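Q: Protein sequences appear in the order of chains W and A.
Mapping of the first sequence onto the numbering used here: residues 1 to 508, in sequence order.
Mapping of the second sequence onto the numbering used here: residues 509 to 665, in sequence order.
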Amino acid sequence: MKIYLPRDAAARALDADAIAAAILSEATRRGVAVDLVRNGSRGMVWLEPLAEVVTASGRIAFGPMTLADVPGLFGDLAQHPKALGLTDDLPWMKAQTRLTFARVGVIDPLSLDDYRAHGGLTGLRKAMSMTPAAVVEEVIASGLRGRGGAGFPTGIKWKTVAGAAADRKYIVCNADEGDSGTFADRMLMEGDPFTLIEGMIIAGLAVSATKGFVYLRSEYPDAIEVMTQAVHIARAAGILGPSVLGSGITFDMEIRTGAGAYVCGEETSLLNSLEGKRGVVRAKPPLPALQGFLGKPTVVNNVISLATIPAIFEMGAAFYKGFGLGRSLGTIPLQIAGNVARGGLFECAFGLTLHQIIDDIAGGTATGRPVKAVQVGGPLGAYFPRSKFDLPFGYEEYASADGLIGHAGVVVFDDSVDMLKQARFAMEFCAIESCGKCTPCRIGAVRGAETIDRIARGDVAAIPLLTDLCQTMKAGSLCALGGFTPYPVMSALTHFPDDFAPMREAAE
Amino acid sequence: MPPVPADLASRMTEILADHRGMEGSLLPILHAVQGAWGYVPQEVVPIIALDLNISRAEVHGVISFYHDFREEPAGRHVVKLCRAEACQAMGADRVASHARQALGIDWHETTADGAVTLEPVFCLGLCACAPAAMVDGRVVGRVDEARLDALLATVQA
Numbered sequence: 001m002k003i004y005l006p007r008d009a010a011a012r013a014l015d016a017d018a019i020a021a022a023i024l025s026e027a028t029r030r031g032v033a034v035d036l037v038r039n040g041s042r043g044m045v046w047l048e049p050l051a052e053v054v055t056a057s058g059r060i061a062f063g064p065m066t067l068a069d070v071p072g073l074f075g076d077l078a079q080h081p082k083a084l085g086l087t088d089d090l091p092w093m094k095a096q097t098r099l100t101f102a103r104v105g106v107i108d109p110l111s112l113d114d115y116r117a118h119g120g121l122t123g124l125r126k127a128m129s130m131t132p133a134a135v136v137e138e139v140i141a142s143g144l145r146g147r148g149g150a151g152f153p154t155g156i157k158w159k160t161v162a163g164a165a166a167d168r169k170y171i172v173c174n175a176d177e178g179d180s181g182t183f184a185d186r187m188l189m190e191g192d193p194f195t196l197i198e199g200m201i202i203a204g205l206a207v208s209a210t211k212g213f214v215y216l217r218s219e220y221p222d223a224i225e226v227m228t229q230a231v232h233i234a235r236a237a238g239i240l241g242p243s244v245l246g247s248g249i250t251f252d253m254e255i256r257t258g259a260g261a262y263v264c265g266e267e268t269s270l271l272n273s274l275e276g277k278r279g280v281v282r283a284k285p286p287l288p289a290l291q292g293f294l295g296k297p298t299v300v301n302n303v304i305s306l307a308t309i310p311a312i313f314e315m316g317a318a319f320y321k322g323f324g325l326g327r328s329l330g331t332i333p334l335q336i337a338g339n340v341a342r343g344g345l346f347e348c349a350f351g352l353t354l355h356q357i358i359d360d361i362a363g364g365t366a367t368g369r370p371v372k373a374v375q376v377g378g379p380l381g382a383y384f385p386r387s388k389f390d391l392p393f394g395y396e397e398y399a400s401a402d403g404l405i406g407h408a409g410v411v412v413f414d415d416s417v418d419m420l421k422q423a424r425f426a427m428e429f430c431a432i433e434s435c436g437k438c439t440p441c442r443i444g445a446v447r448g449a450e451t452i453d454r455i456a457r458g459d460v461a462a463i464p465l466l467t468d469l470c471q472t473m474k475a476g477s478l479c480a481l482g483g484f485t486p487y488p489v490m491s492a493l494t495h496f497p498d499d500f501a502p503m504r505e506a507a508e
Numbered sequence: 509m510p511p512v513p514a515d516l517a518s519r520m521t522e523i524l525a526d527h528r529g530m531e532g533s534l535l536p537i538l539h540a541v542q543g544a545w546g547y548v549p550q551e552v553v554p555i556i557a558l559d560l561n562i563s564r565a566e567v568h569g570v571i572s573f574y575h576d577f578r579e580e581p582a583g584r585h586v587v588k589l590c591r592a593e594a595c596q597a598m599g600a601d602r603v604a605s606h607a608r609q610a611l612g613i614d615w616h617e618t619t620a621d622g623a624v625t626l627e628p629v630f631c632l633g634l635c636a637c638a639p640a641a642m643v644d645g646r647v648v649g650r651v652d653e654a655r656l657d658a659l660l661a662t663v664q665a
């Protein structure tokens, strides 16, 4: 009997380890041999812990599992109170286009055999049969843009690094996924770590880099554990090392742990941190592509960008490019979070509206109250009211609505949220996490929180002051922390003016 | 000031040897130091500075920049509560107030008996099962007041 139960951090946070132990002890009690695979999560977090039992007709899902539901897995499955049917037939799964996340939740994350059996290494072998220049051209042709949030074309960045002359070059994976509402990097690394390794090797051979780093945040102990083991396994199998798959090409990598600084998700700050320095932002130029880690040409890409590379080579750039809209091509793993009935990871082509994402896919709020605001793109993303829910999900589309898609996290709030409080939090967070290098961010965030406090006390004159301060921060900050904090603040002020109305407490 | 760990010199020799030749080794070294003693003792600063050929000020600057590095030991248990937006949307502020009241301490403080240190964290990647917490490195989801009380009972015992 084969049972899958995720080892994903979200499943473990919902007691998956206790369920796993109960499955094994129940099997022993009944004298049944059970092969328990701790897979990644299918992304249906509201159903976690989600157990899957392998049957002749496919994998049948059961969730959310409690200890009382465990014995039933050994009985008549059709009668099990938590039986959901075949996993692949569940509406959440059927409605997706899983390219980057094709294997996540399906395979044993640390089994290379399972990885190969599901198409793993096909992309790398294809890329190895091409010239480095053709590899770069293929990535450019796919239309892939940085999934970390900035949306810069990945292939163009690779081309810059490939064209730079240097004795050493590096591939740095930004796995410092600090934005609230985002967990795609974590799920990918915990559920299919070899995909990221494969993507980094392809990047290495495209730009002639022989060394890679994954800068992984310390808040993700499970991902650190899985990635570290995966690197050891890949090295032992000759996928990493002096001769990748016997090709003579060298590529090896290290997993590095961050130390709790949000700003290190910004690429230049990340590079300083990786070099063993304070995570202070660097001015650009020089671009990291030309002078990055230790001053050498460096590709800095997000986890999802790099993990999508193998799929692009496996299926072809033209296939990947066939999804999406406008200049937002391919698929995007949406992370639906906060106050939602059905939260989790949903990979689909660009272009869905917030109405589709929140009302149809997520089923509205968990509390059952009306949705008041949605923050898209993390703590530096804008808050949108229901009147903006027809906006299609794309880089340019969100930018033109004074927002950003960021890392594609969608955080839903019900009508109990106070938008002035959210605006103040954005400033407070920026003040806590500012690296201190530039004045608009370091001082502006502190003054911003104070100014919002004045507005809360009924000082109308402080509203134009806040607007002015946001202009200064947006135009004058070195990086996105100070530069984008105005997005949540100004969107809260613009779309929810009632929450900033003077003397609102006195009027109540 | 906490007492100087007795094994400081010998353990530091090992830690520095383990990281020799590594590119940008200061953060991995500091993580190893904190892993050994639970905090970064002041006494390691000149030892690391000498080994990496950087100034003591540079080492201190790195230690003080990052939230993770402690300059003194934490309580026997560390409870981290997520304060970020997705958790706020599910009542994290309320749960945090409850925690501070139940423990009688504020953020970054340790209970008088040395049992529990309470810290804020900004996102554990558990945003679809919010509010989230981390207790001694173990992640916990859907932390309402009742679940928090149960968690605190285990660490205060």
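All C-beta atoms in this analysis are idealised placements derived from N, C-alpha and C, irrespective of residue type, glycine included.
From a predicted model like this one, the values you see are computed outputs, not experimental measurements.
1) Which residue wins for smallest C-alpha separation from leucine 110 of chain W, given the options W:Arg235, W:Phe251 and W:Arg369?
2) Any C-beta of chain W sitting closer than 9 Å to the C-beta of glycine 649 of chain A?
3) For the putative contact between alanine 423 of chain W and leucine 493 of chain W, defined by C-beta atoms under 8 Å, what is the C-beta separation to the nearest angstrom?
4) Quick one: give me the first and last residue of the alpha helix (DSSP H) that tyrosine 398 of chain W is part of.
5) Give the single residue among W:Gly276, W:Thr485, W:Phe389 and W:Phe183 whose Cα lies nearest to the Cα of isoleucine 358 of chain W.
6) Could you pull out every residue in the same chain whose Cβ sits closer than 8 Å to the Cβ of alanine 507 of chain W, ignoring the five residues on either side in sequence?
7) Assuming phenylalanine 484 of chain W is part of the alpha helix (DSSP H), what are its boundary residues?
8) Let's see if you can read the secondary structure: which residues bound the beta strand (DSSP E) around arginine 256 of chain W?
9) Since valine 629 of chain A meets chain W, which of its residues come closer than 9 Å, beta carbon to beta carbon?
10) With a threshold of 9 Å between beta carbons, is alanine 544 of chain A in contact with chain W?
11) Can you list, in chain order, the residues of its chain whose CB lies under 6 Å from that of arginine 7 of chain W, leaving out five sequence neighbours each side?
12) If you measure from the beta carbon of alanine 658 of chain A to each beta carbon in chain W, is any gap under 9 Å?
13) Report, in whole angstroms, the separation of the C-beta atoms of glycine 123 of chain W and isoleucine 309 of chain W, which I expect to be a contact under 8 Å.
14) Using a Cβ-Cβ cut-off of 9 Å, state whether arginine 584 of chain A counts as contacting chain W.
15) Can you name the residues that DSSP bridges to valine 214 of chain W?
16) Between the Cα of cysteine 479 of chain W and the Cα atoms of W:Glu314, W:Ser416 and W:Val281, which residue gives the shortest distance?
17) Cβ atoms of lysine 277 of chain W and glutamate 566 of chain A: under 9 Å apart, would you say?
18) Identify each residue in the region 560 to 594 of chain A for which the Cβ-Cβ distance to at least one residue of chain W is less than 9 Å, and report them in chain order.
19) My output table needs one value for methionine 130 of chain W: the three-state DSSP class, helix, strand or coil.
20) Can you give me the Cβ contacts of valine 411 of chain W inside the same chain, cut-off strictly under 6 Å, excluding the 5 residues immediately before and after it?
21) Would you say tryptophan 158 of chain W reaches chain A, if we count a Cβ-Cβ gap shorter than 9 Å as a contact?
22) Just checking my contact of alanine 186 of chain W with tyrosine 215 of chain W at CB under 8 Å: how many whole Å lie between their CB atoms?
23) Counting Cβ pairs closer than 8 Å, one from the region 465 to 473 of chain W and one from the region 436 to 456 of chain W, do we hit at least three?
24) Name, please, each residue of chain W whose Cβ falls closer than 7 Å to the Cβ of serine 533 of chain A.
25) Comparing C-alpha positions only, which one of W:Cys435, W:Cys470 and W:Arg342 sits nearest to alanine 638 of chain A?
26) Span of the alpha helix (DSSP H) holding leucine 657 of chain A?
27) Tell me the DSSP secondary structure of valine 567 of chain A in three-state form.
28) For tryptophan 92 of chain W, would you say it is in contact with chain A, using Cβ-to-Cβ distances shorter than 9 Å as the test?
29) May I ask which residues mark the beginning and end of the alpha helix (DSSP H) holding methionine 189 of chain W?
30) Methionine 642 of chain A by DSSP, collapsed to three states: which one?
31) Do we get a CB-CB distance below 9 Å when we pair glycine 645 of chain A with the residues of chain W?
32) So, with DSSP's three-state summary, where would you put glutamate 508 of chain W?
33) So the beta strand (DSSP E) lysine 159 of chain W belongs to, where does it begin and stop?
34) Ordered along the chain, which non-local residues of its own chain (more than five positions away) have a Cβ less than 6 Å from that of proline 554 of chain A?
A: The relevant details are as follows:
1) W:Arg235
2) Closer than 9 Å: yes.
3) 6 Å
4) 395 to 399 is the extent of the alpha helix (DSSP H) around tyrosine 398 of chain W.
5) W:Phe389
6) Low confidence applies to alanine 507 of chain W: its pLDDT is 47, below 50, so where it sits in the model is not reliable enough to give any reading.
7) 480 to 484
8) 252 to 257
9) Glu219 and Gly260
10) no
11) So the qualifying residues of the chain are Arg38.
12) no
13) Correct: roughly 7 Å between the Cβ atoms.
14) no
15) W:Cys173 and W:Ile255
16) W:Val281
17) yes
18) Leu560, Ile562, Glu566, Gly569, Val570, Ser572, Phe573, Tyr574, His575, Asp576, Phe577, Lys588, Cys590, Arg591, Ala592, Glu593 and Ala594
19) coil
20) Around valine 411 of chain W: Gly181, Ala337, Gly338 and Gln375.
21) no
22) Residue identity differs from the one stated: residue 186 of chain W is arginine in this sequence, not alanine. Their Cβ separation, rounded to whole angstroms, is 14 Å, which puts arginine 186 of chain W and tyrosine 215 of chain W out of contact at 8 Å.
23) yes
24) Under the 7 Å cutoff, chain W gives Gly276.
25) Ranking W:Cys435, W:Cys470 and W:Arg342 by Cα distance to alanine 638 of chain A puts W:Arg342 first.
26) Per the sequence presented here, residue 657 of chain A reads as aspartate, with leucine not at that position. Here the alpha helix (DSSP H) through aspartate 657 of chain A covers 653 to 664.
27) helix
28) no
29) 184 to 191
30) strand
31) At least one CB of chain W lies nearer than 9 Å to the CB of glycine 645 of chain A.
32) Low confidence applies here, because glutamate 508 of chain W scores a pLDDT of 47, under 50, leaving its location unreliable; read the following figure in that light. Here glutamate 508 of chain W sits in coil by DSSP.
33) It is not in any beta strand (DSSP E) - lysine 159 of chain W instead sits in the alpha helix (DSSP H) that spans 154 to 163.
34) Arg564
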